[in-house]
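A.B. asks:
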Amino acid sequence: MLLLEPLYDHFRDTHEAADELTDGLREHLVETATVYAMGGASKRLAGAVARRLGFEHADLDGVQQAPRTVILVAERIRRIGPVDAAIARLLHAGADRIFIVTPLAEAAVAREVDDRADVFVALRRAPRLGMVARWYDQWTMPAEPTIERREPRLTPMVAAV
82 MLLLEPLYDH FRDTHEAADE LTDGLREHLV ETATVYAMGG ASKRLAGAVA RRLGFEHADL
142 DGVQQAPRTV ILVAERIRRI GPVDAAIARL LHAGADRIFI VTPLAEAAVA REVDDRADVF
202 VALRRAPRLG MVARWYDQWT MPAEPTIERR EPRLTPMVAA V
């Protein structure tokens, strides 16, 4: 497991976290990869990492065929279940090498992720993470997806005969 620990325990913003993740990944990459976000809250960070590396960014939900090397980006990792599900989906789609990167990981779970990933980069780890905003000087919750609300469909009443 690659654990990078600077002098302070927080990030200025998501851009700084993406820069540090990219720096941690560069030494392990020998070929191009596709970057996937683990969950909706991680899409912004995964997109930033993909742009910095010059790689394609794709949606994990729609993956049918994965390239040989994939990078799975998570805003934070607190439980092993979602990681296992994402790894299984990528292996089933044909991935050979899976890199998992996150700015924040709970210590106990980080050890489990390290056993499963080919490369695991965690910038900060703690026994309990708490709220993500605690780890950033400037962090706002990603926008909620808009839910299209439909008007209820009225059916005509049928008179009893």
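Using the numbering used here, you'd call the opening residue of the sequence shown number 82 and step up by one each time. All C-beta atoms, glycine included, are put in the ideal place defined by N, C-alpha and C.
#1: Assuming contact is defined by CB atoms lying nearer than 8 Å, are VAL164 and GLY105 in contact in what I supplied?
#2: Between HIS96 and GLY175, what straight-line distance do the alpha-carbon atoms span, to the nearest angstrom?
#3: Using the C-alpha atoms, what's the distance from ARG192 back to PHE201?
#4: Which residues in the same chain as ALA98 place their Cβ atom closer than 6 Å to its Cβ, once the five residues preceding and following it in sequence are excluded?
#5: Note the first and the last residue of the continuous beta strand (DSSP E) segment covering GLU187.
#6: Tell me which same chain residues have a C-beta within less than 8 Å of the C-beta of ARG133, skipping the five on either side of it?
C.D. replies: Let's see:
#1: Position 83 of the sequence shown, counting from 1, holds the residue named residue 164. Position 24 of the sequence shown, counting from 1, holds the residue named residue 105. No, they are not a contact pair.
#2: The residue given as residue 96 occupies position 15 in the sequence shown. The residue given as residue 175 occupies position 94 in the sequence shown. Rounded to the nearest angstrom, the two C-alpha atoms are 31 Å apart.
#3: The count along the sequence shown starts at 1 and reaches residue 201 at position 120. The count along the sequence shown starts at 1 and reaches residue 192 at position 111. Rounded to whole angstroms, PHE201 and ARG192 show a C-alpha spacing of 10 Å.
#4: In the sequence shown, counting from the first residue as 1, residue 98 sits at position 17. Around ALA98: PHE92, PRO184.
#5: Taking the first residue of the sequence shown as 1, we reach residue 187 at position 106. That run of the beta strand (DSSP E) goes 178-187.
#6: In the sequence shown, the residue the question calls residue 133 occupies position 52. Same-chain partners within the cutoff: ALA99, ASP100, THR103.
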